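Every number in the numbering used here is 7 more than the matching position in the sequence shown, counting from 1. Read the structure below first, then the notes.
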Amino acid sequence: MDGLSRTRKGTVINKIEKSLFVHKDDERSTNAEGGLRSRKLFKPLPPAKQVEAEALAAKKAQEEEERIQKEKEESGIQDHLRRCKELNRVSFEYDVNLVDLVDNMIDDGMGSEINNIFETVLYPRLEKLMGRKVTDLDKKFFVRSLLSSNVMKVTKDKLCDTIATTYFKNIGNLQWKGMENYEGNEKTMEKIQEAIRRKIKLAEQINELTKQ
């Protein structure tokens with residue numbers, strides 16, 4: 008009785024997926040001693056070449072995806088550098104800061120339009136929801152949040168690029184045309200930047216001497 012009443016410990020398997028097995032008919036599977044259990048065998052693993060080929064294909068697909076992503080990032084960086092160069096050119100040749108110009112134009116123009124829309128559509132509903140009046144500080148926060156969003160930043164960048172390349176033509180070659188030993192706009196800009204760096208370094212040295 009003690010042996011029969013003893014509780015077996017372990018994990019009880021209630022169900023085994025049939026897809027994990029294949030059936031094999033042999034002499035043992037047909038006799039009473041073996042029964043149906045002897046006919047069930049685990050499926051063999053895929054051939055090593057198949058596993059290797061699948062792993063290689065997955066690796067190539069991942070490498071291709073990484074390559075495409077890297078090309079997109081590099082293209083985006085190059086495009087950003089080109090826009091920065093154009094903005095710097097306009098600032099130098101025309102003494103116009105397009106970033107500030109576009110910021111002021113959009114913030115002042117669109118800001119008032121957005122605020123008018125919010126006054127009609129958003130603020131009345133928001134006051135009912137909050138149970139209090141929307142303050143001027145709240146209104147400034149909502150408008151500023153929209154104007155400083157990533158979508159608006161991309162719009163401003165595109166607008167600056169369009170204005171720089173369309174309305175502010177490159178006049179660098181004309182600007183330095185009569186200069187002696189002229190070597191082109193890029194070389195001239197490099198010389199100017201080098202002169203500015205020397206001037207800054209000289210000013211720092213003068214400041215150090217005056218402190219002593």
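The beta carbon of each residue, even a glycine, is placed where N, CA and C say it ideally should be. Computed from a predicted structure; not experimentally measured.
C-alpha gap between residue i and residue j, whole angstroms
i	j	result
residue 159	residue 143	22 Å
residue 130	residue 194	56 Å
residue 155	residue 114	9 Å
residue 112	residue 215	43 Å
residue 211	residue 162	40 Å
residue 85	residue 132	45 Å
residue 134	residue 116	26 Å
residue 196	residue 82	25 Å
residue 218	residue 87	42 Å
residue 80	residue 73	10 Å
residue 68	residue 62	10 Å
residue 92	residue 206	23 Å
8 Å contact criterion, which residue i and residue j should meet: CB distance rounded
i	j	result
residue 89	residue 164	In fact, because the Cβ distance is near 11 Å, the residues do not count as touching under 8 Å.
residue 125	residue 146	7 Å
residue 100	residue 199	About 12 Å separates the two Cβ atoms, so there is no contact after all.
Exposure label - residue i; buried when at least 16 CB within 10 Å
i	result
residue 171	buried
residue 202	exposed
residue 94	buried
Within 8 Å, strictly: CB atoms of residue i and residue j
i	j	result
residue 141	residue 122	no
residue 103	residue 109	no
residue 167	residue 105	yes
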